[in-house]
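Using this note's numbering, you'd call the opening residue of the sequence shown number 1162 and step up by one each time. Report on the following structure.
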Amino acid sequence: QNGNGSISLQGNLSVSGNLDISGYARLSSLVVGGNAEFGGNVTVDGTLNIKRLTIAGHFTTTGEVPRIELLAVNPPLVTIDGNDTSGTIKIVTGSEVVAAGDLVKAIFNGTYDKKPWLFINAANLESANVQLYRDVNTGYFIIKLVSPLDSNKTYEFDYFIVQ
1162 QNGNGSISLQ GNLSVSGNLD ISGYARLSSL VVGGNAEFGG NVTVDGTLNI
1212 KRLTIAGHFT TTGEVPRIEL LAVNPPLVTI DGNDTSGTIK IVTGSEVVAA
1262 GDLVKAIFNG TYDKKPWLFI NAANLESANV QLYRDVNTGY FIIKLVSPLD
1312 SNKTYEFDYF IVQ
């Protein structure tokens, strides 16, 4: 022990009881051979590899809103409330019908390592009968219409993306 309350140890340290630390613990690596409990938040600045995940509460996604590129000939007003993982796409048509074909491209803020799966569902009654499909890539997804969207309507679709 030196004069400022610090202990320097070279080699191994075995503790047969509890180890209580009231300040920060800086570790270059940590291996836990049994259960671990955390009484506060856990932040990971890197990749978290999990073999099995059980969530006992809500699952929340955060992040920036994907950028929108309108592709339709008579483009409607399109907004996204969400992020690269989940959200709601709102489409408000004007006085003209929106033709079948490519409607909108949502560009992710960060690319996926490989092509992700995109699940999209009608979120309001107007959207229930809309026929659409999607094209997904590592950096974006495109919503494509099989049939036109009626004029002066609001359509909403919820999406969830996972790789």
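All C-beta atoms in this analysis are idealised placements derived from N, C-alpha and C, irrespective of residue type, glycine included.
Apart from the 5 residues on each side of it in sequence, PHE1302 sits with its Cβ closer than 6 Å to the Cβ of ALA1267, LEU1279 and ARG1295 in its chain, given in chain order. Secondary-structure assignment with DSSP links ASP1263 through a beta bridge to LYS1305. DSSP places LEU1209 in the coil class of the three-state scheme, outside both helix and strand. LEU1188 sits in coil when the DSSP states are folded into three classes, being neither helix nor strand. The Cβ-Cβ distance between TYR1273 and THR1246 does not fall below 7 Å. Secondary structure of SER1183 (DSSP, three-state): coil. In the displayed model, SER1256 falls within coil according to three-state DSSP, outside both helix and strand. Here LEU1174 carries a coil assignment [DSSP, helix/strand/coil].
Secondary structure at GLU1287: helix, using DSSP grouped into helix, strand and coil. Sixteen is the threshold: when 16 or more other Cβ atoms of the shown chains lie within 10 Å of the Cβ of TYR1320, as they do, the residue is buried. For GLY1243, the uninterrupted beta strand (DSSP E) segment begins and ends at 1238-1243.
Between the alpha carbons of LEU1209 and LYS1275 lies a distance of about 17 Å.
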